[in-house]
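Enquirer: Residue numbers (full-length UniProt numbering): 1 to 197. C-beta: ideal position from N, C-alpha, C; glycine also.
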């Protein structure tokens, strides 16, 4: 039988616990560092996306502001065109009415006045005490500069008996005369300019 004799000194057992703790700590630090690196790169990516979205929004806002300015300019131009159009179509109807009233004989007065811009016509309903006054008024209308033609549209006689009974007064003949007047746009504008001076 052989005896196993070991003449070497006994190996000192090393304590690996410190090395294991250091390795675990290093692995933990590497994990924490890797986590922070990933988190930071995620934040940078999010920040880049937010910055890109912000730049996009700024471009859209600038485009929207430009559209608003163009729309405001268009609205202003359209408003100015509309005002110019209305000013061109404005007629001195009050002056026309004053002139028509001044042409009336003493025994006449208006019952109705209707002005039609599109047809360039005026419809008058006038009441007179005698028929001669209606003919005289038509002649005066025909002579007016701003009237191209004066048409006697219709003539109605008011029944004096009914009117006398209703008012309890004396019998007065009444004539309702309906005129259609074709007016001259330029002459009417000139009439308005004369009155304004």
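With which residues is residue 127 paired in a DSSP beta bridge?
Expert: Working through the chain shown from its first residue, we reach residue 127 at position 127. According to DSSP, residue 127 bridges with 109, 176.
Enquirer: Apart from the five residues just before and just after residue 152, which ones in its own chain have a Cβ nearer than 7 Å to its Cβ?
Expert: Stepping through the chain shown from its first residue, residue 152 is reached at position 152. Once the five neighbours on either side are set aside, the close Cβ partners of residue 152 are 138, 177, 179.
Enquirer: Given a cut-off of 8 Å, decide if residue 147 and residue 97 are closer than it, judged by their beta-carbon atoms.
Expert: Residue mapping note: residue 97 aligns to position 97 of the chain shown, counting from 1. Residue mapping note: residue 147 aligns to position 147 of the chain shown, counting from 1. No, the pair does not count as a contact, with Cβ atoms beyond the cut-off.
Enquirer: Would you call residue 108 buried or exposed, if buried means 16 or more other Cβ atoms sit within 10 Å of its Cβ?
Expert: For the purposes of this step, residue 108 is identified with residue 108 of the chain shown, where counting begins at 1. It counts as buried.
Enquirer: Closest to residue 101 by CA distance: which of 8, 141, 155 is it?
Expert: The residue you call residue 101 lines up with position 101 of the chain shown. Of the listed residues, the one whose Cα sits closest to residue 101 is 141.
Enquirer: Helix, strand or coil: how does DSSP classify residue 152 here?
Expert: The residue you call residue 152 lines up with position 152 of the chain shown. Note: residue 152 maps to strand in three-state DSSP.
Enquirer: State the DSSP-derived secondary structure class of residue 38, mapped to helix, strand or coil.
Expert: If you number the chain shown from 1, residue 38 lands on position 38. Three-state DSSP puts residue 38 in a helix.
Enquirer: Whose C-alpha, out of 84, 80, 132, 111, is nearest the C-alpha of residue 105?
Expert: Taking the chain shown and counting its residues from 1, the one referred to as residue 105 is at position 105. Minimum Cα distance to residue 105 is reached at 132.
Enquirer: Which of helix, strand or coil does DSSP assign to residue 121?
Expert: Position 121 of the chain shown, counted from the first residue, corresponds to residue 121. In the structure shown, residue 121 sits in a strand (DSSP, three-state: E or B).
Enquirer: State the Cα-Cα distance for the pair residue 128 and residue 134, rounded to the nearest angstrom.
Expert: Residue numbering aside, residue 128 sits at position 128 when the chain shown is read from its first letter. Residue numbering aside, residue 134 sits at position 134 when the chain shown is read from its first letter. Whole-angstrom Cα-Cα distance: 6 Å.
Enquirer: So residue 94 is in the alpha helix (DSSP H); what residue range does that whole segment cover?
Expert: By one-based count along the chain shown, residue 94 stands at place 94. First-last of the alpha helix (DSSP H) with residue 94: 93-103.
Enquirer: Go ahead and pull the three-state DSSP assignment for residue 32.
Expert: Here residue 32 refers to the residue found at position 32 when the chain shown is read from its first residue. Helix, per DSSP.
Enquirer: Taking DSSP's pairing of strands, which residues face residue 157 in a bridge?
Expert: Locating residue 157 in the chain shown gives position 157, counting from the first residue. 175, per the DSSP bridge assignment.
Enquirer: To which residues does DSSP link residue 116 through a beta bridge?
Expert: In the chain shown, the residue the question calls residue 116 occupies position 116. Answer is 121, bridged to residue 116.
Enquirer: How should residue 150 be labelled, buried or exposed, when 16 other C-beta atoms within 10 angstroms of its C-beta is the threshold for buried?
Expert: Here residue 150 corresponds to residue number 150 of the chain shown, with the count starting at 1. Flag for residue 150 reads buried.
Enquirer: Let me know if residue 175 comes out buried or exposed under the rule of 16 or more other beta-carbons within 10 Å of its beta-carbon.
Expert: What you label residue 175 is simply residue 175 of the chain shown in a count that begins at 1. Classification of residue 175: buried, given that the 10 Å Cβ count is 16 or more.
Enquirer: With a threshold of 16 other CB atoms inside 10 Å of the CB of residue 9, please say whether the residue is buried or exposed.
Expert: Working through the chain shown from its first residue, we reach residue 9 at position 9. Looking at its Cβ environment, which holds fewer than 16 other Cβ atoms inside 10 Å, residue 9 is exposed.
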